[in-house]
Structure formats: structure tokens, C-alpha cells
Amino acid sequence: MFGSYGCDIVQVKLEKKKHLINFPWFCKHIKVKTPSGECFEFPCYCWLVDDKEVIIREGTARLPQDDTNKQRKNELESRQKIFRWNEWSPGFPESIDAKMGELPKDVQFDEEKDSDFKRNFLKDLVIDKVDGFFESWKDIADFKEILVHYNIKNTLLENVMQDWNKDYMFGYQFLNGCNPVMIRKCMKLPDKFPVTHEMVKGCLKKGCTLQEELQAGNIYIVDYEILNGVPAASSERHLTAPICLLYKNELDQIVPIAIQLSQTPGEMSPIFLPRDNKYDWMLAKMWVRSSDFLVHQLVTHLLKTHLLSEVFEMAMYRQLSAVHPVYKLLIPHVRFTIAINAEAREKLIGEDGVFIKVSSINGAGMGKLIQNAMKTLTYESLCFPEDIKARGMEDVPKYYYRDDGKMVWKAIHCFVSAVIKIYYLSDKAVQKDVEIQEFVKDVACFGMNNSDNFPKSLSSREQLVEYLTAVIFTASAQHAAVNFGQLYLGTYPDMYFTEQPAKEAIKTFQHNLDEVTNIIKSRNEKLTLHYCYLSPDKIPNSVAI
């Protein structure tokens, strides 16, 4: 009707009435064809529950400074009442003020995802194997029994099971295991770790001193200082804050050469060496692995992917209209994150959660560890190339996490840059975008505890592109590297963009990801030990598990 008079349809309203049999209705999108043949698209992708009306804007993305529709302000005011910040635990990034059953319908698991989560969670952790997890193991065969139901052929886990006590495998896991972000180059030994040349000379290349190898860049360190002062769960469960020195040998292997199990040297904290009794050395490595498990699960995985992704999702819902191009860009990458985290807070990391029962840390210790981690968390550490450079890991061989991560980061960066250039014609447009500025401010103030380590504003297209690349990389690739996923990067079953240039950018992104997948596949065919965690065909679109 409007098209016949030369007018555009700017919005539509959907109404749902509550009846005796009341089913929620999920509307994907609406297409309207005018009498003159013109088509208008209205992406919705939301639930209508009970007596509810939804106003849906026409799908063309608009910056707030170019939009006079009053509905935009009403939309954000309504969302800010629903998505309220809350401090779940002191020191944690703030999260949604709602329990699992209270979540807005639009961020809850759909039925398929909900049943999948419950089926896997209950089957794999609570019902079938709970007794085995909570009892002490008496033999290495007990460990193998846990994995008999999983296909681990050609995976790192298969090699770990075979060579778990070998020094080369211990070092390899710092590069390409599930926590590849702890290792860094060591140019000078810290005073708290007094390793001497005499201690390690048998591990070094013949004729070389420890100082020479430090200067040559062949020495690496993993320091779990973040665990210092964190209380253990009980007198029967212990934790340490170890320091491990590693060496790149002539075979280009990263191997451990010294381990200290505390942050304070002395008679009560000896430095363990490969030449020690083999069981002493083995136990020292096992203590390091135990500490790495805690940092991996609670910092690298929980904090730096799950909780941060929820922060980005919360800020997005609160500050970006559904017609904002950045909202359309981000929403596929934060799908289910609020829901999975709410489930985790109730069932995994709460006082009665499974994690407390199976680890050496209690609720107080978990809070202390997250607080320690938040003090060291920086925006730069979320920017993959910057993090690699800051840790001095640009040149270490066989660091496939770095190699693959760089390719994926570049593909995401190119995609984000292409989309941003469609809608922001200048740096001034970024500065005038009040919604994007409030989005960034919300992240810093509520998610990062008002830390000075995170930007509170952005002033250029380049800054915006890097920021959004970090958000998407954190929620997809980084989470894949330290966990695993099911909805793969670059797939967009829900199409929020309606403009052709944005759709073309998505196609180019998908093509670039296919190229990265093929490069990784070709490389792995030449390797005995495959690295697949950052292959785009195995990277989830969002933190959803």
C-alpha cells in the first residue's frame, strides 16, 4: 500500500494474543511486497510470548546519527530494563541479573540446543561417570577407561596418553595443547627463580651457557604467579603456584629443564631438574599440569572466553539498536553465551557445582583466582597478534596455535573491515556514533570493573575494526582453541544484514575461511601430530558450550 504512493515501509508491528492453548512463536523475518513490486525485508529473530507486541524495523542498517526514528530510543530503554548488570561474585566481570529460568526468551537455548546441553552434560559428567571422577585413581588404566567412549584417533589426546610422561610432550602441550597462552620467551631469569648454569648445563647444547641461550632466545618460561595466595579446597587438596623453565633444543622441541613449585625460593621450595630421581621429576611435572588445569579452566577458558563474551553480549543488547550494523555483525557470535554462562553458574562453578567437587580449589579460591586474573587482563591480550608479540612467541617453531590463529585473525579482520567501511565513511562517523561509544564504555565499566586496561571510547574506523575483531575472535576462534564447538565460524543461518554489500562481505569471509581450512588440512597431512583446534571448519561461531 505504501509503495504505491512512493513511500518506504520503515517498520511493522507484530501482535500475539494469549489464548487457552498458548504457544510461543519465533519469528525469523518478514518480507513485504508492495503493489508496485518493491520488496522490504524485516529481520526479526525473536520470540513472541503471551500477550506481546514487537515492532520490527526495516532491515537496512543505520547509524544512530543517521536515524530519526523514535522507536530506536524506546527499543534501547526497554532492553536496558531487561538486561541489567549484576555482580555475581566479587571481582568477577559483571553479568546478567537473572538466573537460568529467568532469562529473556530471546537469549535462552532453543529446544535443540537445550536438550543437547542437558544430554551431554548429564551423560558425560553427572550420571555415567560421576563416581569415577570423584574417586582417586589407582592406576593409569583408570584414566584410559574414562576415554574409551571417545574417538581420540589422530588427536593430541591420543599422543598424550602414549607419551604423557615424556618431556617433549610436556613441552608440546604449552604450544598446542588446550592452554597455549601461558608460555613466553625468557630473556632474563626472575630473582624468585634462581636457576644456575650448573643446574641445567646437561640439558643445553654442548658448549653453550645458560646466559648465552637466554640471549639467543632459546629459553622459555611458564609462571603461575596468578595462583599465589589462592587457598586450596581443604587440607587434603593442595595447589601450588609453580614456575617452569623450558628450552628449545636442537630438535626444535620445547622441553622442561627446571621446575620450582612455589613463588618463593628456599630450602622448602627446591628446584627440580630432569637429572633428579625420575619419580621426583615426574611428580614435579604433574604438579605443573595440575596448576595449568586450574588456570586453563578458570582463567583461559571461563574468564577470557565465556565471561568476556557475555560482557560483550550484554553491552550489545543494552547499547546497540537492532538496526545498528555492529549489532547485526556481532549477534551471530554471542548466540547462547548468556544462557550457557547462566547454566554454568548454577551447575558448574557455584558453591555446589561440579567443578568445586573435582578440583583442588573452593569457592573462595576461585574468587581469588579470578580477581588476580582480572588485575592482569588487558585489551591488548585479546588482540591475537599483540598477545603473540608481547609473549615473544613470533618465531618459536611448531607453534601451530600461533600460525593458525594469525590466519583466522586476518580473515576476521578483513571481514570486519569490509563491513565497517560500508557504514562508516570516516573516522568522524565513529566518534559521532553515541551507541558504539556507550557499548565500549559499558564493556569497560561493568565488564572490566572500570579498568584502565580497556578503552572507554573509540575514535577511528581502524580502532573500531580491531576492537570488533577481538570480540569475534574471542567468542569464536579463541574459545575453539581452548575448548571445542558445534556452530562453525562463518556460517550465518540467521541473516541480519539485508544490504547486498554486507552479504558480499560475508561471502568473501566464508571464502577466506575455506582457504585457511585447506592450508591447515594440507599442513596436517605432513604431520604426525595434527593441530586442528583453529581450523575454521571446527571453530564455533560463538561461545555456546
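Okay, so the sequence shown: first residue is 1 according to UniProt numbering, each after it adds one. Built from N, CA and C at the ideal position, the CB exists for glycine as well.
Cα-Cα separation between Y379 and N341, rounded to whole angstroms:
Between Y379 and N341, the alpha-carbon positions lie close to 22 Å from each other.
Do Y220 and R275 come within 8 Å of each other at the CB atom, strictly closer than that value?
Taking a C-beta distance under 8 Å as the contact criterion, R275 and Y220 do not qualify as a contact pair.
Report yes if the C-beta of S360 is less than 7 Å from at least one heavy atom of the ligand PLP; otherwise report no.
For the ligand PLP, the structure offers nothing, since it holds no ligand at all.
What residues match up with Y220 in a beta bridge as DSSP calls it?
The bridge partners DSSP lists for Y220 are K185 and L246.
What does a CB cutoff of less than 6 Å around K432 pick up in its chain, not counting 5 residues either side in sequence?
Excluding sequence neighbours, K432 sits near Q65.
Just to confirm before moving on: does the CB-CB distance between L320 and E435 stay below 8 Å?
Taking 8 Å as the Cβ cut-off, L320 and E435 qualify as a contacting pair.
When DSSP labels each residue in this structure, what does C46 get in the three-state scheme?
In the structure shown, C46 sits in a strand (DSSP, three-state: E or B).
When burial is assigned at 16 or more other CB atoms within 10 Å of the CB, is F384 buried or exposed?
It counts as buried.
Is E77 buried or exposed, if buried means 16 or more other CB atoms sit within 10 Å of its CB?
Exposed.
Helix, strand or coil: which one does DSSP assign to S451?
Note: S451 maps to coil in three-state DSSP.
Per the contact definition of three or more C-beta pairs closer than 8 Å, is the region 394-402 in contact with the region 171-179?
With a cut-off of 8 Å on Cβ pairs, the region 171-179 is in contact with the region 394-402, counting three or more such pairs.
Could you tell me whether the region 448-465 touches the region 362-370, where touching means 3 or more Cβ pairs closer than 8 Å?
At 8 Å Cβ cutoff, the stretches do not touch.
Would you report the Cα separation of K521 and T528, rounded to the nearest angstrom?
K521 and T528: Cα-Cα distance of roughly 13 Å.
Can you tell me whether L534 is buried or exposed, with buried defined as 16 or more other CB within 10 angstroms of its CB?
It counts as buried.
Jot down the residue ranges of each uninterrupted alpha helix (DSSP H) in the region 379-443, minimum 4 residues, whole runs only, in chain order.
Listed in chain order, the complete alpha helix (DSSP H) runs (minimum 4 residues) inside the region 379-443 are 384-390, 400-423, 427-432 and 434-442.
Quick one: what does DSSP say S476 is sitting in, helix, strand or coil?
DSSP places S476 within a helical segment (H, G or I) once states are collapsed to three.
With DSSP as the reference, label F109 as helix, strand or coil.
F109: coil per DSSP, three-state reduction.
Short check: CB of V230 to CB of L369, under 8 Å?
Yes, the Cβ-Cβ distance between V230 and L369 is below 8 Å.
Does the beta-carbon of P24 have 16 or more other beta-carbons within 10 angstroms, so that it is buried, or is it exposed?
Only exposed fits P24, as fewer than 16 other CB atoms lie within 10 angstroms of its CB.
Quick check: what's the CA-CA separation for H301 versus V10?
When rounded, the distance between both Cα atoms is 42 Å.
Under 8 Å between the Cβ atoms of M192 and T264?
Position check: residue 192 holds Lys in this sequence, whereas Met was assumed. Yes, Cβ-Cβ distance for K192 and T264 is below 8 Å.
Measuring only the C-alpha atoms, how far is C414 from K456?
C414 and K456 have their alpha carbons spaced roughly 24 Å apart.
Under the three-state reduction of DSSP, which class applies to P536: helix, strand or coil?
Reduced to three states, the DSSP call for P536 is helix.
Where does V126 land, buried or exposed, given buried means 16+ other C-beta within 10 angstroms?
Reliability of the predicted coordinates at V126 is poor, the pLDDT of 37 falling under 50, and the value obtained from them is presented with this limitation in mind. Exposed, by the Cβ-count rule.
Which value, in whole angstroms, describes the spacing of the CA atoms of R119 and D352?
Residue placement at R119 is flagged as unreliable, the pLDDT there being 45, under the threshold of 50; the coordinate-derived value follows with that caveat. Cα to Cα, the separation comes out at about 20 Å.
Measuring CA to CA, which of K526, E525, H530 and P540 is closest to L513?
The option with the nearest alpha carbon to L513 is P540.
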